[in-house]
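Protein chains: 2
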Amino acid sequence: MNSKAGYLRHLDIKNGQIDMSHGGGGRAMVQLISELFARHLANEYLSQGNDGACLPALNGRLIVSTDSHVVSPLFFPGGDIGSLSIHGTVNDIAVMGATPLYLTAGFIIEEGFPLIDLERIVISMACAAKDANVQIVAGDTKVVEKGKGDGIFITTTGIGFLPAGLTLSGSDVSQGDVVLVSGSLGDHGIAIMSQREHLAFDTPLKSDTAALNGLIAAMLSSGAMIKVMRDPTRGGLAATLNEIAHQSGLGIHLHESAIPVKPEVQAVCELLGLDAINIANEGKLIVICAAEHADQLLATMRNHPLGLDAAIIGVAVEDTNCFVQMKTKFGGQRMVDWLAGEQLPRIC
Amino acid sequence: MNSKAGYLRHLDIKNGQIDMSHGGGGRAMVQLISELFARHLANEYLSQGNDGACLPALNGRLIVSTDSHVVSPLFFPGGDIGSLSIHGTVNDIAVMGATPLYLTAGFIIEEGFPLIDLERIVISMACAAKDANVQIVAGDTKVVEKGKGDGIFITTTGIGFLPAGLTLSGSDVSQGDVVLVSGSLGDHGIAIMSQREHLAFDTPLKSDTAALNGLIAAMLSSGAMIKVMRDPTRGGLAATLNEIAHQSGLGIHLHESAIPVKPEVQAVCELLGLDAINIANEGKLIVICAAEHADQLLATMRNHPLGLDAAIIGVAVEDTNCFVQMKTKFGGQRMVDWLAGEQLPRIC
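Sequence lines, in order, name chains A and B. The working numbering puts the last residue of the first sequence at 652; the count rises by one with no breaks. The working numbering puts the last residue of the second sequence at 652; the count rises by one with no breaks.
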């Protein structure tokens, strides 16, 4: 007799729901962990079953990053909160030049959440983690009463290993360095927004959510002198470049006509009064490198499935105001500022 | 001119509230981070300001643990969600025998949450982290619409360093090993419950929330052969010992009369029909050690401020059913089982 599960029938994943007992530390929680989470996410570390996962020594610097995910809707064209929560944290580690290795996941679930949706999300996490070559080594589940949450929130924390000698930082950017982007901007935010506003298109818009560590590994081994990388999530290209401008003490000049934006994304932006350079991406990369290596780096990026539409979009310039400015398609010049307020809530 | 904060007045912490823009990736979020989070939590790693924190190499195994905190109410006698979110994760690392070093924090905040409460929570986190000798090295803030959250949820992830040669696990427990507890049980859960139910007492009940890494360091250097340690949080002593029993393949026999429970906690338990051994603690430790070292370990624990009421409460016995049983105060014997359902929701 398995006394641990003796009093409970198996989880009815097809028809069941999360109730408060699944967060209570008793049999129901143990069952949820073993029959749903561990079944899909199992690995040697998660299976240790102690309060913390014991991981092998990493003889190098660690890169650590955390992100809470509250995206709404939970399922969207191109992904869901599960894959997004893996990609977001993997990318934050990878843009530092590190190899992402381990993730933790904290779930806050609203009472009444369907188990079938939870399983779909956990399977999506498992697939995304496998594709990105990372392991989910520790987790936690809490349940809040109906009306005190919104389906599910997932907080992931990632740990990566940074090889000796490699340091990337916005403060290393020099005048004349070149700004590249790995592909079209705004796909994630506009896919979410279209779903929320029930906009329908001939070509369905898909989120670009993806793990960038493969692309980044190829770029790092290309030999190009990369100064800094960032994934332009919340706040989009505009926020990312303003951050880098301030870290570097330089200005940045962009060419609007060089910035890749899909026509269908551009169309929704015009419809809703948005600007693609302010919109969140979840599978795109901004990289700044020495001018003499820009063409070589661009070729490397275009050679990777996630960098097919990579482009050179701007240059770092002397500017004590650290302004980001853009030469528009019509030949004018405009400031590219941080947004003051909220453009698209709960995008990630 | 500081162009970064040029368009916004300083945060009005006394009267202000969180709005959706504080999670949007624009100026308002940058301001919240710099004027509130960074002001109280600053350290060399958090100040790097990149997507991930870069931490020095740790030449040993890592222990990693994560916990989402959804405690309600947010402020309770003896602590708040801020200190609890530090203690919970520090303790999960420390019970593995590791030295907790770094924490990350992901905040999910409900629109309308008062900035004054947020600051109080962040200050409480800063104090708890300082006391526990850990640094908060990375963070994230998301905002959800009013009615889609419950004030604030905080997910912390901790990283610790495990010295070579030390491994603690429930599977190392042998027949005859002795079970000790570091102090009275049920204080945290009953303090929360009393606050929620508006129960008033002559002696106010306080949560025991505390970081156990100092106590544990003293125990580890005492030379006692410690097999396993756990902090009995959700599910209390009963869940913790059932977990260990299953990991070890042994049974555990407890003496009810030896288990320290404060009279006021016992009184509330009787009033509400609860059992102190099922109730969550946030500053208590269960430890199992070789019988010949139990007295020495007990003396070490009682010599520490967090172990004054430590006691020997039971012994590991041969039992292929892995049952946890208790000799009651009245001389009977009863099963100590996992709770099937939910006793106290949102206790941590």
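Glycine included, every Cβ here is placed at the ideal spot set by N, Cα and C.
Worksheet item: At what residues does the beta strand (DSSP E) containing B:Glu414 begin and finish?
Response: Thr403 to Glu414
Discussion item. Strictly by DSSP, which residues pair up with A:Val619?
Written reply: A:Val482 and A:His557
Worksheet item: Is it the case that the Cβ atoms of B:Val447 and B:Ile322 are separated by a distance below 8 Å?
Response: In terms of Cβ geometry, B:Val447 and B:Ile322 form a close pair [threshold 8 Å].
Practice prompt. Work out the CA separation of B:Ala402 and B:Gly462 for me, nearest whole Å.
Written response: Cα-Cα distance, rounded: 11 Å.
Worksheet item: Given that a residue counts as buried once 16 or more other Cβ atoms are within 10 Å of its Cβ, and exposed if not, what is A:Pro536?
Response: buried
Worksheet item: Is there a Cβ from chain B that is less than 8 Å from the Cβ of A:Leu524?
Response: no
Discussion item. Which complete alpha helix (DSSP H) runs does the segment 564-652 of chain B hold, if anything under 4 residues is left out?
Written reply: 567-576 and 598-606
Worksheet item: If you draw a straight line from the alpha carbon of B:Val482 to that of B:Leu545, how long is it in whole angstroms?
Response: 12 Å
Worksheet item: For the 8 Å Cβ check, are there 3 or more pairs between the segment 491-511 of chain B and the segment 570-583 of chain B?
Response: yes
Fill in: Cβ neighbours of A:Glu586 in the same chain (closer than 8 Å, five flanking residues each side left out)
Gly383, Leu388, His391, Gly392, Asn395, His492, Ser511, Asp512, Thr513, Ala514, Asp535, Thr537 and Cys652
Worksheet item: Between B:Gln439 and A:Ser488, what straight-line distance do the alpha-carbon atoms span, to the nearest angstrom?
Response: 38 Å
Worksheet item: Sorted by chain position, which residues of the same chain lie with C-beta nearer than 6 Å to B:Phe627's C-beta, five sequence neighbours on each side aside?
Response: Gly555
Discussion item. Beta carbons nearer than 9 Å to chain B: which residues of the segment 357-374 of chain A have them?
Written reply: Ala357, Cys358, Leu359, Pro360, Ala361, Leu362, Asn363, Gly364, Arg365, Leu366, Ile367, Val368, Ser369, Thr370, Asp371, Ser372, His373 and Val374
Worksheet item: Where does B:Val334 sit, in a helix, a strand or coil, going by DSSP?
Response: Of the three classes helix, strand and coil, the one that applies to B:Val334 here is helix, per DSSP.
Worksheet entry | Burial state of B:His314, where buried means 16 or more other Cβ atoms lie within 10 Å | exposed
Discussion item. Can you give me the C-alpha to C-alpha distance between B:Gly310 and A:Ile548, rounded to a whole angstrom?
Written reply: Reliability of the predicted coordinates at B:Gly310 is poor, the pLDDT of 47 falling under 50, and the value obtained from them is presented with this limitation in mind. Those two C-alpha atoms are separated by around 17 Å.
Discussion item. Can you find the residues in the same chain that come closer than 7 Å, C-beta to C-beta, to B:Lys588, ignoring five residues on each side of it along the sequence?
Written reply: Val485, Ser486, Gly487, Leu489, Asp512, Asp535 and Pro536
Worksheet item: Looking at A:Ala442 and B:Ser369, is the spacing between their C-beta atoms short of 8 Å?
Response: yes
Worksheet item: Does DSSP put A:Gly493 in a helix, a strand or coil?
Response: helix
Discussion item. Whether or not the segment 633-647 of chain A and the segment 413-425 of chain B are in contact is what I'm after, with contact meaning three or more pairs of Cβ atoms, one per stretch, closer than 8 Å; do they touch?
Written reply: no
Worksheet entry | Residue environment, B:Asp444, which counts as buried when at least 16 other CB atoms sit within 10 Å | With a threshold of 16 other beta carbon atoms within 10 Å, B:Asp444 meets it and is buried.
Worksheet item: Under 8 Å between the Cβ atoms of B:Leu378 and B:Met497?
Response: Taking a C-beta distance under 8 Å as the contact criterion, B:Leu378 and B:Met497 do not qualify as a contact pair.
Practice prompt. Please determine, among A:Val374, A:Leu359, A:Asn363 and A:Gly364, the residue with the shortest C-alpha to C-alpha distance to B:Ile367.
Written response: A:Leu359
Discussion item. Let me check one thing: in DSSP terms, what residues is B:Lys446 bridge-paired to?
Written reply: B:Ile412
Worksheet item: For A:Phe505, which three-state DSSP category applies?
Response: coil
Worksheet item: Hey, which unbroken runs of the beta strand (DSSP E) at 3 residues or more fall wholly within the segment 509-536 of chain B?
Response: Listed in chain order, the complete beta strand (DSSP E) runs (minimum 3 residues) inside the segment 509-536 of chain B are 530-534.
Item to complete: Give the straight-line distance between the Cα atoms of B:Leu648 and B:Ile456, rounded to the nearest whole angstrom.
Response: 19 Å
Worksheet item: Beta-carbon separation of B:Gly386 and B:Ser351 under 8 Å?
Response: no
Discussion item. I'd like to know if A:Ile440 contacts chain B, where contact means its C-beta is closer than 8 Å to some C-beta of that chain.
Written reply: no
Discussion item. Which same chain residues end up closer than 6 Å to A:His608 when comparing Cβ atoms and leaving out the 5 residues on each side of it in sequence?
Written reply: Leu519 and Ala522
Worksheet item: Considering only residues of the same chain and omitting the five flanking positions on each side of B:Glu450, which have a CB-CB separation below 7 Å?
Response: First, the amino acid is wrong: residue 450 of chain B is Lys here, not Glu. Answer for B:Lys450: Glu414, Glu415 and Gly416, listed in chain order.
Fill in: Of the listed residues B:Asn582, B:Gly540, B:Leu601 and B:Ala580, nearest to B:Leu524 (C-alpha basis)
Put simply, of B:Asn582, B:Gly540, B:Leu601 and B:Ala580 the residue whose alpha carbon is nearest the alpha carbon of B:Leu524 is B:Leu601.
Practice prompt. Have a look at A:Gly611 and A:Met605 and give me their C-alpha separation to the nearest angstrom.
Written response: Distance between the alpha carbons of A:Gly611 and A:Met605: 5 Å.
Worksheet item: From B:Pro404 to B:Ala433, what does the alpha carbon distance come to, in whole angstroms?
Response: 10 Å
Discussion item. Less than 8 Å between the C-beta atoms of A:Gly636 and A:Asn582, yes or no?
Written reply: no
Item to complete: Take the Cβ of B:Leu466 as the centre, count every other Cβ of all protein chains shown within 10 Å, and call the residue buried at 16 or more, exposed below.
Response: buried
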